[in-house]
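Per our numbering, the first sequence starts with residue 74, numbered consecutively. Beta carbons are placed, not taken as given, at the ideal position from N, Cα and C, and that holds for glycine.
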Amino acid sequence: MTASTTYRDIYAVVSRIPRGTVATYGQVAQLAGLPGRARQVGYALSELDDPAVPWHRVINAKGEISPRCGGEGDELQRLRLEDEEVRFDRHGRVPLERYRWRP
DNA sequence: AACATGACCATTA
DNA sequence: GTAATGGCCATGT
74 MTASTTYRDI YAVVSRIPRG TVATYGQVAQ LAGLPGRARQ VGYALSELDD
124 PAVPWHRVIN AKGEISPRCG GEGDELQRLR LEDEEVRFDR HGRVPLERYR
174 WRP
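Here is the structure:
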């Protein structure tokens, strides 16, 4: 494990995302003080094993759920978001204009 | 130390 | 609407 400060910073921001809202990787990176390092955010979440972090509230800039190893990860994420009042359109993505987290 | 990989984003055509 | 390009950095071998 040995979570680096960068990762802990990312986890801290993700943990602050309110229920019923979503944030993009770029947004999380920006709020975490890592502008332009959206990639690291996704990587940090992939290595994440802390159930206290609502990683399912983080999606890509297209409002879609990013693929992930394991198979059921994307599906699980969608179910969890729907369980939090977040609806998907017919394209299978979330309207960021509507559910985007605004700190 | 070097190389390759990765849950990405913004811009341009 | 899609396709391609550049950039950014941590992790594992």
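Kindly list the residues whose CB is nearer than 6 Å to the CB of Ala102, restricted to its own chain and excluding five residues on each side of it in sequence; keep chain order. Arg110, Ala111, Val114
Do you know offhand how far Lys135's Cα is from Glu155's? 18 Å
So Pro140 and Ile90 are in contact, right, with Cβ under 8 Å, and what is the actual spacing, rounded? Not quite, the Cβ-Cβ distance comes to about 21 Å (not below 8 Å), so this is no contact.
Rounding to the nearest angstrom, what Cα-Cα distance links Arg160 and Val167 in this structure? 7 Å
Boundaries of the alpha helix (DSSP H) in which Ile83 is found, first to last residue: 78-88
Residue closest to Gln100, alpha-carbon to alpha-carbon, out of Ile83, Thr79, Asp122: Ile83
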